[in-house]
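In our numbering, the protein residues as written are 41 to 135.
No residue lacks a Cβ here, since even glycine has one placed at the ideal position from N, Cα and C.
Worksheet: the structure to be examined is printed underneath.
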């Protein structure tokens, strides 16, 4: 994966829901990858919300991948263009 932007996100106990939403929103909009470090420091409630959001994002990306991207008509024949819609999110807990 040459040329893929990866953002490291260091989690802390002060991280809130708005912080998580901003990070996930930016990742989805930009198509970048993220590595969440020290996820064991997050509260149980925030981890629950994060899991739900990641599940929603994964399902949405899967749906977009299997749907036709864009159909254009070129001289009466429909053509389909592939649009790259992917991102990756990883988690790393400190030991």
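Ranking 103, 72 and 54 by CA distance to the CA of residue 48 puts 72 first. A Cβ-Cβ separation of about 7 Å places residue 89 in contact with residue 60 under the 8 Å criterion.
In this structure, the alpha-carbon of residue 98 lies about 23 Å from that of residue 81. Here residue 79 really is in contact with residue 51; their C-beta atoms are around 5 Å apart, less than 8 Å.
Here residue 79 carries a helix assignment [DSSP, helix/strand/coil].
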